[in-house]
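Comments concern the structure below.
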Amino acid sequence: MSVLLKNGTIVTTTGRYTADVYAENDRIKAIGTDLDYAADEIVDAKGKYILPGAIDPHTHISMPFMGTYAQDDYETGTIAAACGGVTCVVDFDLQQKGESLLDALDRKKELADGKVAVDYSLHPAVMDPRPDVIDEVKKACREYGTPSFKIFMVYDFRVDDATMIKLLEETKRYGGLVQVHAENVYIIQHMNEVLAREGKLAPYYHAMSRPNIAEEEAIYRASKMVELTDSRIYIVHLSSKEGLQIVKQARDRGINIFAETCPQYLLLDDERYKEPDFNGAKYVMSPPLRTPASNVALWEGLRGGDVQVVATDHCPFDFNGKKDMFGKDDYKKIPNGAPGIETLLMLLHSEGVAKGRISLEKMVDVLSTGTANMFGLADKGEIAVGKDADMVVFDADLKFTITQSRLHMNVDYTPYEGMEITGMPEIVYSRGKRVAQWNGEQMEFVGQAGHGRFIKREPVDEN
Ligand code: URP
Ligand code: ZN
Ligand code: ZN
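Residue numbers for the sequence shown follow my numbering, so the first one is 2 and each next one is one higher.
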């Protein structure tokens, strides 16, 4: 299979230029002007951007959570990814009690292989931190191809500070990266009690129960552990202005702390929890949506480089029958999470680039190149000779109105219903194979479940 994209505008993290791109057998083989290959597929990309496929390093596919399951499986989730221009997904693999990290990886691969429509990798989430599991970090970094490890400072399956310190030391030794969901669990427990005593149990109080200070404190504590161990850490789904301030201060002192935010924290605010008819439940996620001051600060964090990655935290639960049933009388029982894998690129372009909040080059960095570098995806993230031909032919003028029925995620709502989008993928390639295309009204999946592969990643900073 070969493809030749003619006269497109190739976008990198540092600029853009017009050229042809030729891809054959999974890889980009040549970039230049007037390339003359007899390709199976020749596309006139004049006036279109050629972007590296987006990488989503924060998804919860088929994850058991809060008495139910995140609804997308590897097939539906990666078909939706392809339709959104996401050509690689790094999913969380939550270790169960008694499992080794390898057991957990094998269990998830069994669900994914033969189903995935685009490439994927896994981050083991350490939830049973036995000494043999901490020892396994070395193998995960060097043999399994999974050098990033998720830990939670909240939820029942959180780890304690001592475990965090051990993991930071061990990952430092083998070039791995700890990723942390940073919220102070005791602040949240206290707020839950206060709100329950006052009978405040509607969705809006979910946000009040997890104030910005809970994120701020946890990030500060995590940053001190990194300072102590001279290691590295990555804050997932950074949501608040205060949390960002801690990240910035630590980075200014030379501490290796990195941060990811998500479209929901850039674009939505806590007024959403007040929507009538229990609609606020659609936005119940952790950390919660904040005020507009945090939206503004996070865009600034992206521009200034203190936030390096935008991911989705894709964790969909139907509104009807899940969000509205489990938590009708108590926000604490509403399954936490929202869909987003398919809307990542369109939102970041339309709300970020088209509205002048970030440059096109910055978008490529935070969705592709920087993400690939952060997570050791050596063959991904760039339109360059030798890289995987994960490419998006992108029409910056194409208009689309987001509506649930025109999306592919296995869920009955989108938080962005009715939003007018400027700029959509026209064709999406995964390793040179066309997997999705614009059909005049919406994106259409034209690939195959099972085309995707597990990608072994490389340790980033081995010493
Ligand atoms: O609310 C969320 N974010 N659900 C998914 C689990 C997590 O904390 O990332
Ligand atoms: Zn989380
Ligand atoms: Zn998450």
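Where a beta carbon is used, it is the ideal one built from N, C-alpha and C, also for glycine.
Measure the beta-carbon distance from residue i to residue j and round it to whole angstroms, keeping in mind my assumption that it falls under 8 Å.
i	j	result
ALA215	ASN185	4 Å
ASP396	PRO53	Not a contact, Cβ separation roughly 16 Å.
THR262	LEU299	5 Å
VAL237	GLN180	5 Å
LYS98	ASP129	5 Å
MET2	GLY433	6 Å
ALA83	SER431	7 Å
ALA251	SER224	4 Å
Flag residue i as yes when its Cβ comes closer than 6 Å to any non-hydrogen atom of ligand 4, and as no otherwise.
i	result
HIS61	Ligands displayed in this structure: ligand 1, ligand 2 and ligand 3; ligand 4 is not among them.
Just the Cα atoms here: how many angstroms apart are residue i and residue j?
i	j	result
ARG28	GLU42	15 Å
GLY1	PRO336	In the structure as shown, the chain starts at 2 and stops at 464, and residue 1 therefore has no counterpart that could be examined.
ALA81	VAL119	10 Å
PRO460	THR147	8 Å
ASN8	SER360	21 Å
ASN464	LYS275	Below a pLDDT of 50, predicted positions are generally treated as unreliable, and ASN464, at 46, falls in that range; no measurement from the model is reported.
THR423	GLY86	15 Å
ALA373	PRO58	9 Å
ARG17	ILE384	11 Å
VAL429	THR77	16 Å
LYS151	ALA379	20 Å
LYS249	ILE256	10 Å
VAL447	ALA105	31 Å
VAL227	TYR50	39 Å
THR1	ILE342	Here the chain covers residues 2 to 464 and nothing more, so residue 1 does not appear.
LEU465	ASP330	The requested residue 465 does not occur in the structure, where the chain is confined to residues 2 to 464.
TYR284	ASP35	49 Å
ILE188	GLY357	37 Å
LEU239	GLU352	18 Å
GLU100	HIS315	25 Å
ASP389	LYS381	6 Å
GLY419	ARG159	37 Å
ASP325	SER210	19 Å
PRO65	PRO125	15 Å
THR13	GLN190	45 Å
SER287	ALA40	47 Å
ARG435	ALA24	12 Å
MET67	LYS334	7 Å
ALA339	GLN72	10 Å
SER349	ASN296	According to the sequence provided, residue 349 is Leu. The question's Ser does not apply to it. Their Cα atoms are separated by approximately 13 Å.
LEU368	VAL310	6 Å
VAL134	ASP413	38 Å
GLU144	GLY322	42 Å
GLU272	TYR206	11 Å
LYS173	LEU95	21 Å
GLY451	PRO293	41 Å
GLY115	GLU243	43 Å
LEU112	TYR121	12 Å
LYS140	ASN440	45 Å
MET364	THR344	14 Å
The alpha helix (DSSP H) that contains residue i, what's its start and end?
i	result
LYS151	Looking at the DSSP string, LYS151 is not in any alpha helix (DSSP H); the run it does join, the beta strand (DSSP E), is 149-153.
GLN72	Here GLN72 belongs to no alpha helix (DSSP H), and DSSP marks it neither H nor E.
ALA113	102-113
TYR175	162-175
How far does the beta strand (DSSP E) with residue i in it extend, from its first residue to its last?
i	result
ASN435	Here the sequence assigns Arg to residue 435, which means Asn is not the residue at that position. Per DSSP, ARG435 belongs to the beta strand (DSSP E) from 434-439.
ARG252	ARG252 -> not in any beta strand (DSSP E); alpha helix (DSSP H) instead, spanning 242-253.
VAL87	87-95
VAL447	That residue, VAL447, is in no beta strand (DSSP E); it is neither H nor E in DSSP.
ILE11	3-12
ILE32	28-33
ILE56	55-60
ALA258	Position check: residue 258 holds Ile in this sequence, whereas Ala was assumed. Its beta strand (DSSP E) spans residues 257-262.
VAL44	42-45
ALA22	Looking at the sequence itself, residue 22 is Val, so the reference to Ala does not match. Note, VAL22: beta strand (DSSP E), 17-25.
Check the Cβ-Cβ distances between residue i and every residue of chain D, and say whether any is below 7 Å.
i	result
VAL436	Judged by its chain identifiers, the structure shown contains no chain D, having just a single protein chain.
Output the residue ranges of the beta strand (DSSP E) runs that lie fully inside the segment 264-344 and measure 3 residues or longer, sorted by chain position. none
Residues with a Cβ closer than 7 Å to any heavy atom of ligand 2, in chain order? PHE153, HIS182, VAL237, HIS238, SER287 and ASP314
At which residue ranges does the segment 179-233 contain complete beta strand (DSSP E) runs of 3 or more residues, listed in the order of the chain? none
List in chain order: all unbroken beta strand (DSSP E) runs of 3+ residues lying wholly within the segment 380-426. 392-402
Entirely within the segment 348-376 and at least 4 residues each: give me those alpha helix (DSSP H) ranges in chain order. 361-365 and 371-376
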